[in-house]
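Okay, structure first, notes after.
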Amino acid sequence: MAGTSSDALKTQYGARVAALTAALERGDDAAFLAVLDDLVHTRRPELFNELRDLTSNLKVALDRFRLDARLADFAEKEIPDARQRLAHVLKLTDEAAHRTLDLVEESGPPAERTARAAETLAGPWMRFRSRKIELKEFHELLKRMDAFLPAARADAEQIRRNLSELLLTQGYQDLTGQIIRGVIELVRELESALIELTRLSGAGAVPADRASPASRGHGPSVPGLTQGEVASGQQDVDALLSGLGM
Amino acid sequence: MSKDTKFLVVDDFSTMRRIIKNLLHDLGYHHVTEADDGNTALPLLQGGGIDFLITDWNMPGMPGLELLKAVRADEKLAKLPVLMLTAEAKREQIIEAAQAGVNGYIIKPFTAETLKEKLDKILNGAAK
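Same order as they appear, the protein sequences are chains A and B.
Position 228 of the first sequence, counting from 1, maps to 227 under numbering that gives the first Met the number 0, and the rest follow consecutively.
Position 7 of the second sequence, counting from 1, maps to 6 under numbering that gives the first Met the number 0, and the rest follow consecutively.
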């Protein structure tokens, strides 16, 4: 049955086993021990190799198990969490920007109203100051002044309230900043876990750049991250375009 | 062109559309239509009545550069003034947009003065 393997064993050990038996029968202790030592030497490196492989496999398996548990945690919990946190950042910034725009839009009309009313009062007021006002116009001026003062005060108070709220609205930066920092930390951890995984799987291959057609755009440039020449500001853009004849 | 100029503002962020719309209002332009990417913008442009296109670059669906190319490829729209208002700041991209026929290029964050300056330049150039 095991023709080939026992043939190989015969070739490798046959002569030495025969020499061993012969030495034993002859009572030649020295020859017997020499052949036996020789046999043991032949087997030892193979045993060591096997043992080494076994321990190294065990270590990889243990490392992998630890890493798998960490990656499972990333996949099941932390990445979905991060996605949710980022969606929240988007929501907060969206709300803050709209609230800011609401307040700016609401502040325009009272400011304009006050400015216009003050402008129409200026003429009669100057005539009054230079004592060239008619009695009828003077009475009208008094009435308009009576209306203007509380209205101007109410308008200015509204603008002041809007400015205070504008100030508070900017608090979104603090909140979103903290969330984003947390996500940056998570990405860093995920990165090291993936590097470790690549190392364990023995594939030295570096993941290819995510191919994205340039026509889609790259998003805002991030200092230290964006590759290639980036215009530093509008002046740079203008200079570049005028160089192209625009 | 007059203050009756009809603008189409294309940006995927509604806040940015609002900011641009408000700035245009401050400059006296009150006819502003909005779209959130090239796919929604193109039919509006082809429907006629738009005098000026302001577009972002990086948008889901059809990005701004493709919209610009589609506009230039359309016989009826080929001469429409197009201002790109985007965070895309790579030199090669600015050159690419110029080659595709953009009339002006503003990078975010931008100022109201920059917008006014570019609009005036393009509108005065178009009136000549």
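The beta carbon of each residue, even a glycine, is placed where N, CA and C say it ideally should be.
Since the structure is predicted, the reported quantities are computational estimates derived from the model, not experimental observations.
Annotation: Gly-103(B) to Ala-230(A) spans about 15 Å, alpha carbon to alpha carbon. Ala-68(A) and Leu-193(A) have their C-alpha atoms spaced approximately 13 Å apart.
Take Asp-3(B), set aside five residues on each side of it, and the residues of its chain with a beta-carbon closer than 7 Å to its own are His-30, in chain order.
It is roughly 23 Å from the alpha-carbon of Leu-82(B) to the alpha-carbon of Leu-100(A). From the beta-carbon of Ala-97(B), the residues of chain A found nearer than 7 Å are Leu-240, Leu-243 and Met-245. Selection Glu-116(B), Ala-111(B), Leu-114(B) and Lys-78(B) evaluated against Asp-50(B) yields Lys-78(B) as nearest (Cα-Cα).
Contact of Ile-53(B) with chain A by beta-carbon distance below 7 Å is absent, the smallest such distance being about 15 Å. Listed along chain A are Gln-233, each with a C-beta nearer than 8 Å to that of Thr-113(B). C-alpha of Arg-187(A) to C-alpha of Leu-199(A): approximately 19 Å in a straight line.
Of all alpha-carbon atoms in Leu-240(A), Glu-105(A), Ile-179(A) and Ile-183(A), the one lying nearest the alpha-carbon of Leu-165(A) is that of Glu-105(A). For Leu-165(A), the enclosing alpha helix (DSSP H) begins and ends at 134–168.
Using beta-carbon distances, Ala-153(A) does not count as an interface residue toward chain B, since no partner is under 8 Å. About 14 Å separates the beta carbons of Tyr-171(A) and Ala-86(A), which is beyond the 8 Å limit, so they are not a contact pair.
Counting the other Cβ atoms within 10 Å of the Cβ of Ile-179(A) gives fewer than 16, which makes it exposed. Residue burial is scored here from C-beta neighbours: Lys-90(A) has fewer than 16 other C-beta atoms within 10 angstroms and is therefore classed as exposed. Interface annotation for the stretch 28–50 of chain B against chain A: empty, criterion Cβ-Cβ distance under 8 Å. Not a single CB atom of chain A sits nearer than 8 Å to the CB of Lys-78(B). Beyond the five residues adjoining it in sequence on each side, Ala-30(A) comes within less than 7 Å, by CB distance, of Ala-22 in the same chain, given in chain order. For Glu-33(B), the enclosing beta strand (DSSP E) begins and ends at 30–34. Between Leu-84(B) and Ile-19(B), the gap from beta carbon to beta carbon is short of 8 Å. For Val-101(B), the secondary structure class from DSSP, reduced to helix, strand or coil, is coil. For Val-59(A), the uninterrupted alpha helix (DSSP H) run begins and ends at 28–72, by DSSP. Of the other Cβ atoms in all chains shown, 16 or more fall within 10 Å of the Cβ of Gly-63(B); this residue is therefore buried.
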